[in-house]
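Trainee:
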Amino acid sequence: MSGKRRPNKKTPKNKSNREWVNRHINDPFVKKAQGQGYRSRAVFKLDEINKQDKLLKKGILVADLGSAPGGWSQYIVRNYPDIEVIALDLLEMEPLQGVEFIQGDFTEASTIERVMNLTQGRKFDLVISDIAPNITGVKDVDNARFEVVLDSILYFCEQNLKSEGRLLVKLFEGGAAQRYRGQTKKMFQKNAVRKPSASRPGSKELYFLSTTIKATLFDN
Ligand SMILES: C[S@@+](CC[C@H](N)C(=O)[O-])C[C@H]1O[C@@H](n2cnc3c(N)ncnc32)[C@H](O)[C@@H]1O
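Residue numbers (the numbering used here): 170 to 389.
#1: I need the DSSP call for Gly172, collapsed to helix, strand or coil.
#2: Just grab the DSSP bridge partners of Ile382 for me.
#3: With Phe357 and Ile382 assumed to form a contact (beta carbons below 8 Å), what rounded beta-carbon distance in angstroms separates them?
#4: Consider the C-beta atom of Ile300 and the heavy atoms of ligand 1; say whether any pair is separated by less than 8 Å.
#5: In chain order, what residues of the same chain have a beta carbon less than 6 Å from the beta carbon of Arg237, not counting five sequence neighbours either side?
#6: Please indicate yes or no: does the CB of Val318 lie closer than 8 Å to some heavy atom of ligand 1?
#7: Using a threshold of 8 Å, is the CB atom of Asp311 nearer than that to any non-hydrogen atom of ligand 1?
#8: Can you tell which of Ser209, Asp196 and Asn195 has the C-alpha that lies nearest to the C-alpha of Asp299?
#9: Is Glu327 helix, strand or coil when you go by DSSP?
#10: Residue ranges of each beta strand (DSSP E) run of no fewer than 3 residues wholly in the segment 183-249, ordered along the chain?
#11: Less than 8 Å separating the Cβ of Ser236 from some heavy atom of ligand 1?
#12: Could you check if Gly240 is buried or exposed, using at least 16 other CB atoms within 10 Å of its CB as the buried criterion?
#13: Contact defined as beta carbons within less than 8 Å: I believe Ile297 pairs with Leu234. What is the distance between those atoms, to the nearest angstrom?
#14: Measure from the alpha carbon of Asp309 to the alpha carbon of each residue in Tyr207, Gly343, Ser332 and Leu287, then state which is nearest.
#15: On the premise that Lys331 lies in contact with Phe293, defined as a C-beta separation below 8 Å, what is that separation, rounded to the nearest angstrom?
#16: Considering only heavy atoms of ligand 1, does any lie closer than 8 Å to the CB of Ala211?
#17: How do the segment 218-229 and the segment 284-292 stand: do at least 3 beta-carbon pairs fall below 8 Å, yes or no?
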């Protein structure tokens with residue numbers, strides 16, 4: 170017998186890919202996003218949280234971290250044309266009118282410098298992060314990588330978020346999320362969990378909203 174794999178063999182991986190495709194095709198939020206010309210179903214998560222928490226207001230400056238393919242930025246500039254958005258992602262993003270895009274790794278200082286070159290000392294009113302790091306499948310590695318991302322977000326906020334500003338971050342239940350929640354408790358006055366209906370009920374994803382900086386965490 171040759172060592173070659175039969176292409177149609179039902180391995181757990183291609184079974185889960187197939188399940189993902191089926192779920193995606195039948196997902197009402199995917200259909201709704203396509204119907205409204207949005208780049209991602211994630212817009213409905215932001216929409217629901219925004220309606221509940223009034224995140225977006227006329228004239229504010231927003232950082233959209235992990236922005237590609239651009240659904241959240243698109244939602245903001247479509248519904249609030251006078252909001253200024255700086256979006257950032259590792260991947261390329263199709264341009265959007267009213268959005269300044271930076272391609273780079275958010276955990277690298279050189280990427281943050283590029284953001285600061287754009288803001289020229291102005292601070293953000295709102296930082297939103299939908300960052301989902303690539304998963305290796307090795308729990309400790311993934312956890313450690315996500316901790317670096319979350320620390321980078323908090324460090325960025327210490328330096329670039331207005332003291333009365335707000336921070337919305339996607340988390341995945343687990344060690345890194347627990348640590349993050351402990352840190353935000355020290356750093357922000359108010360913290361709340363959000364699980365919008367477009368976030369799949371069985372998933373570990375949740376959103377964490379923090380408001381008003383009360384203390385710093387890092388040595389600057
Ligand atoms: C779920 S997607 C964001 C979807 C987006 N909110 C939308 O509505 O279209 C997560 C993004 O995080 C980005 N990402 C992951 N790690 C990153 C990092 N270290 N720096 C910047 N972006 C990162 C990925 O490239 C991916 O595009």
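We put the CB at the ideal spot given by N, CA and C, even for glycine. As the structure is a prediction and not an experimental result, all values here were calculated from the model.
Mentor: Taking the coordinates as given:
#1: Below a pLDDT of 50, predicted positions are generally treated as unreliable, and Gly172, at 46, falls in that range; the measurement from the model is reported next regardless. It is coil, neither helix nor strand.
#2: Phe357
#3: 6 Å
#4: yes
#5: The identity of residue 237 in the sequence shown is Ala, whereas the question assumes Arg. Closer than 6 Å at Cβ, skipping near neighbours: Asp258, Leu260 and Met262.
#6: yes
#7: no
#8: Ser209
#9: helix
#10: 230-234
#11: yes
#12: buried
#13: 7 Å
#14: Gly343
#15: 7 Å
#16: yes
#17: no
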